[in-house]
Amino acid sequence: ARHFPNNDYYDENIKSLNRIINLCEEKNIKLYLIIAPYYPERLKFEENEYNLWVKKTNENIKNIPIIDFSMNIKNVRYFHDWKHINKDGVQLFNKILFDNLLYKDFL
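Numbers given in the numbering used here equal positions in the sequence shown, counted from 1, plus 294.
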């Protein structure tokens, strides 16, 4: 899958993310990497590539928590297309995100 570690922009994205991480460290800002919900039917076919992407990303960034919500929305009715959640999906994801962060004392 071209969406994961081997895509043309991955290395540049990691460099940019590490610049953001460095800036947050300098400013004493706690940073979390949130992975948004992923279209469930597509994830079934790309699960191995996805897992490699998460592993590679974790290895290439400084020690910041990665909170993975990729599998939290399983109903395709919450997706506009295979990359984006729709308005109802945003509302559901916001609730999932807030409840999870609040429960884990991130907020």
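For glycine and all other residues, C-beta sits at the position ideal for the given N, C-alpha and C.
None of the values given here were measured: they were computed from a predicted structure.
Pull up the CB-CB distance for residue i and residue j, whole angstroms please, since I reckon it's below 8 Å.
| i | j | result |
| --- | --- | --- |
| I329 | I361 | 7 Å |
| P331 | F363 | 6 Å |
Taking the alpha carbon of residue i as the reference point, which residue from the options has its own alpha carbon closest?
| i | options | result |
| --- | --- | --- |
| K309 | T351, Y372, L386 and K381 | T351 |
| N322 | D305, K338 and I358 | I358 |
| N307 | G383, D382 and W347 | W347 |
| K327 | E320, L337 and N312 | Here residue 327 turns out to be Leu, not Lys, going by the sequence shown. Ranking the options by Cα distance to L327, first place goes to N312. |
| I355 | E319, I367 and D375 | E319 |
Using DSSP with H/G/I as helix, E/B as strand and the rest coil, what is residue i?
| i | result |
| --- | --- |
| K356 | coil |
| Y303 | coil |
| R296 | Confidence at R296 is low in this model, with a pLDDT of 49, below 50, so the placement of that residue should be treated as unreliable; the coordinate-derived value is given next. DSSP places R296 in coil when its eight states are reduced to three. |
| D362 | strand |
| I379 | strand |
Sequence ranges, beta strand (DSSP E) only - wholly within the region 312-347, length at least 3: 327-329
Check whether the region 364-371 touches the region 380-391, counting contact only when three or more Cβ pairs, one atom from each stretch, lie closer than 8 Å. yes
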